[in-house]
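In the numbering used here, the protein residues as written are 16 to 203.
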Amino acid sequence: VAKVRPDAVVETLAYNYSIKPPAKTKLLPNVMPCICVPGTDSYRPIAESRNEDKRQFAEYLRGWGKVTSNLYVWNYVINFRHYTHPFPNTMALGPDLMFFKENGVAHVYEQHSGNNAAHSDFAELKAYLMAKFLWKVKQPLGPLLDKFFAAYYGAGAPYARAWFNEIHALGAKRDGVKDPPWIFERIC
C-alpha cells in the first residue's frame, strides 16, 4: 500500500490476542495500530491501576509507543449495558490522556454514549472534560469541574456536585476489589 498509495494510512486493530507489540516486525510509517483500553477498573487511572488487565495494557501501550509514531488508542468511558447508571470514572479521564501522551499515542478516540442514550451518566460533563483535556492535557481537574457545574447547572450546581462527589466516593470504595467494575457491568 505504501508504494501504490503513499498518502494512505492503514489502520489495524491490535486487540485481545494481537495487542502485544511486535518484537521483530518493523512497522511502516503508514501503518496505524489501534489498541483498545480494557474496560475493567475504569475508576482508577491506567498508570495507577492494580488490575492485571490494565497493568498488562499499560505495558503493551509502552511497547507500541516504542515501535510506532502513529499509535491510536480507543478508550471506553461509559457502562455500555446501563448508560444512565453512575459510572464514576471522571477522575481518570485526564490522567489517562496524559498517560497516552507520555507513551507516544498520536491519536485518541474516547467512546462515550453519544446519541445512544439521552442523559447518560454525566455525559455532558465527560464530553466537556475530554474536549478540554484533549486540547490541553496538563491542567487541574478542580477548576474545570467548578466551571462546568456552575455554567451547566446554575442554581442547582451545589446539588449536582454533591451527587457527583457521592457517586465518585462510592466508586472509590470499589477500588481494588477482586472483580472490578467494567464497561458491561450488570446492575441487577
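We put the beta carbon where it would ideally sit given N, CA and C, even for glycine.
### Message
Buried or exposed, going by whether 16 or more other CB atoms sit within 10 Å of the CB of residue 40?
### Response
exposed
### Task
Count the CB pairs spanning the stretch 177–186 and the stretch 78–92 that are closer than 8 Å, and state whether there are at least three.
no
### Same chain, Cβ closer than 6 Å to residue 119, neighbours up to 5 away in sequence not counted
80 and 86
### Task
Kindly list the residues whose CB is nearer than 7 Å to the CB of residue 125, restricted to its own chain and excluding five residues on each side of it in sequence; keep chain order.
90, 92 and 145
### Task
For residue 32, count neighbouring C-beta atoms within 10 Å of its own C-beta (all shown protein chains included) and say buried if the count is 16 or more, exposed if not.
exposed
### Task
Please classify residue 59: is it buried, with 16 or more other beta-carbons within 10 angstroms of its beta-carbon, or exposed?
buried
### Query
Between residue 181 and the ligand NAD, is the CB less than 7 Å from at least one heavy atom?
No copy of the ligand NAD occurs in the structure displayed, which carries no ligand at all.
### Query
Quick one, which of 122, 161 and 94 has its alpha-carbon nearest residue 128's?
94
#### Entry: Residue environment, residue 158, which counts as buried when at least 16 other CB atoms sit within 10 Å
exposed
### Query
What alpha helix (DSSP H) runs, 4 residues minimum, are completely inside the stretch 104–134?
105–117
### Query
Can you name the residues that DSSP bridges to residue 28?
49
### Task
Examine the Cβ distances between the stretch 40–49 and the stretch 19–30 and report whether three or more of them are shorter than 8 Å.
yes
#### Entry: Limits of the unbroken alpha helix (DSSP H) element including residue 180
172–188
### Query
Quick one: is residue 179 buried, meaning 16 or more other Cβ sit within 10 Å of its Cβ, or exposed?
buried
### Close-in-space but distant-in-sequence residues of the same chain around residue 114 (CB under 6 Å, 5 per side omitted)
61 and 62
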